[in-house]
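>
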Amino acid sequence: SLNGPAFYGLPVNKTFITLEKTTNPLRYDEKIAAGGVGDIAVFNPEREIFWKVS
Numbered sequence: 056s057l058n059g060p061a062f063y064g065l066p067v068n069k070t071f072i073t074l075e076k077t078t079n080p081l082r083y084d085e086k087i088a089a090g091g092v093g094d095i096a097v098f099n100p101e102r103e104i105f106w107k108v109s
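Position 11 (the sequence shown) corresponds to 66 in the numbering used here; numbering is contiguous.
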């Protein structure tokens, strides 16, 4: 993204992520452990997600 860094006056990222479409919806835990600070609730979009970061 170029607009976010430009808006906040930050440098543009030099790395990329790739999204991969899956045949079946992803399954994920409702919460994930965050080291010594406890658990973090995962955002529930209330619909199936067919994309993952690869």
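Where a beta carbon is used, it is the ideal one built from N, C-alpha and C, also for glycine.
Alpha carbon to alpha carbon, what distance is there between G64 and N99?
The alpha-carbon atoms of N99 and G64 are separated by roughly 31 Å.
> Give the C-beta separation of L57 and V67 to the nearest angstrom, bearing in mind that I take them to be a contact with Cβ-Cβ under 8 Å.
About 6 Å separates the two Cβ atoms, so the contact holds.
> Starting from A96, follow the beta strand (DSSP E) in both directions and report where the run begins and ends.
It spans 94-96 - the beta strand (DSSP E) in which A96 sits, taken as one unbroken run.
> Three-state secondary structure (DSSP) at A88?
Residue state, collapsed to three classes: strand.
> I need the straight-line Cα distance from E101 to K69, nearest angstrom please.
Roughly 33 Å separates the two Cα atoms.
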